[in-house]
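Sequence lines, in order, name chains W and D. Under this note's numbering, think of the first position of the first sequence as 37, with each following residue one higher. Under this note's numbering, think of the first position of the second sequence as 37, with each following residue one higher. First up is the structure itself, then whatever we jot down about it.
Protein chains: 2
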Amino acid sequence: MILLILVLIGCPEPPILIPTAIYLVSQMKKKGYKILISANFSAIKLLDIADYDKYYLSDVGVIDIDKGLKIIKEFNIEKIISFVNKDSEVSYTITYKEILNVPTYSIVFGKSINQDFIKTLEERDIKVYSARAYHNPIPVVNIIDKLVEEI
Amino acid sequence: MILLILVLIGCPEPPILIPTAIYLVSQMKKKGYKILISANFSAIKLLDIADYDKYYLSDVGVIDIDKGLKIIKEFNIEKIISFVNKDSEVSYTITYKEILNVPTYSIVFGKSINQDFIKTLEERDIKVYSARAYHNPIPVVNIIDKLVEEI
């Protein structure tokens with residue numbers, strides 16, 4: 037049975053999202069994990085173009101974040117990691133966790149850090165990492181390095 | 037003498053910018069061109085993280101877009117391609133073209149297409165490709181495919 041890490045990617049509005057998502061997937065793969073990405077339509081297109089030759093995303097599954105809710109139980113998901121910049125991404129994280137009931141980690145980031153998001157996620161027993169970052173990816177890269185070590 | 041294509045990348049605010057910039061560089065390299073990127077600070081960091089293993093950006097030079105203005109004449113630039121979403125990027129394109137006096141191509145894109153940008157660039161004999169695109173990269177990808185063919 038192959039155990040998968042599920043990576044949730046919502047709206048790709050923040051400039052750092054796609055680059056750091058590729059970085060996360062790449063670092064997790066180097067640790068031997070298999071990855072499934074559940075993402076919004078534009079995010080999927082952006083990942084596809086940014087890594088056109090599939091150097092980073094080969095053997096990475098990709099599903100639509102809404103359709104995924106209906107079929108995600110068919111996969112053997114071991115853990116969830118979500119990027120959270122907007123309210124809708126808090127909801128996706130909580131909903132996927134409720135369906136799968138597996139350890140869940142959220143990277144909460146943005147021009148400012150939304151404390152309500154952190155509180156809501158932590159109340160659902162979700163481990164939160166947070167960083168103020170929007171154009172410069174380094175604060176989120178540092179979080180990812182820590183997360184990849186700790187997971 | 038190695039001839040280079042200069043790719044200008046300004047503010048990375050639009051979600052499609054970094055993925056499509058990597059795609060452009062990758063497609064140009066496949067055609068045998070050598071590439072020099074002149075970009076803003078955050079854009080350089082984002083390119084670095086999105087292609088952490090340097091699968092796409094190996095042997096691609098990267099310089100700061102402001103510092104580049106002072107040293108760009110030292111390189112044998114054959115052509116310029118710029119991404120234009122903001123006013124400042126119109127200025128960078130015109131300034132680099134004035135310094136180098138080589139054929140210049142601009143990809144003007146955004147939530148809407150700014151006709152003033154197109155007019156200003158065309159008045160300076162810059163060839164403009166335009167697309168309404170911000171979250172979904174495909175319209176700009178189609179432009180890049182055309183540009184790579186025509187250049």
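Note that beta-carbon positions come from the ideal geometry of N, C-alpha and C, so glycine has one too.
Proximity of residue 75 of chain W and residue 98 of chain W at Cβ, strictly below 8 angstroms | The answer is yes: Cβ separation under 8 angstroms.
Spatial neighbours of residue 96 of chain W in its chain, beta-carbon cut-off 7 angstroms, leaving aside the 5 residues before and after = Counting only Cβ-Cβ distances below 7 angstroms, and skipping sequence neighbours, we find 61, 71 and 73.
Going along chain W, which residues have a C-beta under 8 angstroms from residue 81 of chain D?
-> For the C-beta of residue 81 of chain D, the chain W residues within less than 8 angstroms are, from N- to C-terminus, 172, 173 and 174.
Which residues, taken in chain order from the stretch 49-68 of chain D, show a beta carbon closer than 7 angstroms to some beta carbon of chain W?
-> Closer than 7 angstroms at the C-beta level to chain W, one finds these residues of the stretch 49-68 of chain D: 49, 51, 52, 54, 55, 56, 58, 59 and 62.
Could you check which residue in D:126, D:54, D:159 and D:131 has the C-alpha nearest to that of residue 88 of chain W?
-> When each option's Cα is compared against that of residue 88 of chain W, the closest is D:54.
Output yes if chain W places a C-beta closer than 8 angstroms to the C-beta of residue 88 of chain D; else output no.
-> Residue contact with chain W for residue 88 of chain D: present (Cβ-Cβ distance below 8 angstroms to some residue of chain W).
Return yes when the Cβ of residue 48 of chain D is within less than 8 angstroms of the Cβ of residue 51 of chain W, no when it is not.
-> Cβ distance < 8 angstroms, so residue 51 of chain W and residue 48 of chain D count as in contact.
Report yes if the C-beta distance between residue 136 of chain W and residue 113 of chain W is below 8 angstroms; otherwise report no.
-> Cβ distance < 8 angstroms, so residue 136 of chain W and residue 113 of chain W count as in contact.
Extent of the continuous beta strand (DSSP E) to which residue 102 of chain W belongs | Unbroken run through residue 102 of chain W is the alpha helix (DSSP H), 101-107; no beta strand (DSSP E).
By DSSP, does residue 93 of chain D sit in helix, in strand, or in coil?
-> In the structure shown, the three-state DSSP call for residue 93 of chain D is coil.
CB contact below 8 angstroms: residue 85 of chain D versus chain W | It does: the Cβ of residue 85 of chain D has a partner Cβ on chain W nearer than 8 angstroms.
Just by C-beta distance, which residues in the stretch 104-134 of chain W are closer than 7 angstroms to chain D?
-> Correct list: empty, as no residue qualifies.
Can the beta-carbon of residue 170 of chain D be found less than 8 angstroms from the beta-carbon of residue 147 of chain D?
-> Result yes, Cβ atoms of residue 170 of chain D and residue 147 of chain D sit closer than 8 angstroms.
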